[in-house]
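Below is one structure, written out as structure tokens; the observations come after it.
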């Protein structure tokens, strides 16, 4: 992560880490009023549903709550109408524990990791590892931003 040259590598690291513990994994890129799928791993039926998926953030769904509050969720998805699309995405795993974890920089969510369908390798100690992985990815994201800003400075001013 210390040599990140673009956001795609950060997304790849997040998905690669999570797929060791979950069968269905996706990372969304957060824009002003919506989030869009960036990279996913899982069964073919899940990939068909999630490919190109987007969620509107002004709605009161679980993704909006994670993006606005910056807190993660590891619980069954609520059964209210606002979360119907998220529940459909994760199918039968929506009633089990689903992970929704935002990567936050300067108080704003930039990426959201969503995962469901725990593997046998999962233990509750994994949540601490997920937290540390997301924190390291946030630092890498910040370093990427700073590196890009440095390249914008003309050499005579550096």
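In my numbering, the protein residues as written are 53 to 210. Just so you know, even glycine gets a beta-carbon here, dropped at the ideal spot from N, CA and C.
Query: Euclidean distance between Cα positions of residue 213 and residue 96; Result: With the chain covering 53 to 210 only, the question about residue 213 has no answer from this structure.
Query: Residues near residue 105 in its chain [Cβ-Cβ closer than 7 angstroms; skip 5 each side]; Result: 89 and 141
Query: Inter-residue Cα distance where the pair is residue 169 and residue 79; Result: 15 angstroms
Query: Of the listed residues 139, 107, 129 and 189, nearest to residue 155 (C-alpha basis); Result: 189
Query: Nearest to residue 87 (by Cα), restricted to the options 195, 166 and 178; Result: 166
Query: Classification of residue 149 by the beta-carbon crowding that lies within 10 angstroms, buried from 16 upward; Result: buried
Query: Beta-carbon proximity check, residue 81 vs residue 160, cutoff 9 angstroms; Result: no
Query: Host alpha helix (DSSP H) of residue 101 (start-end); Result: 96–102
Query: Residue 118 beta carbon less than 9 angstroms from that of residue 111; Result: no
Query: Simplified DSSP assignment, three categories, for residue 194; Result: helix
Query: Among 146, 187 and 172, nearest to residue 153 - alpha-carbon criterion; Result: 187
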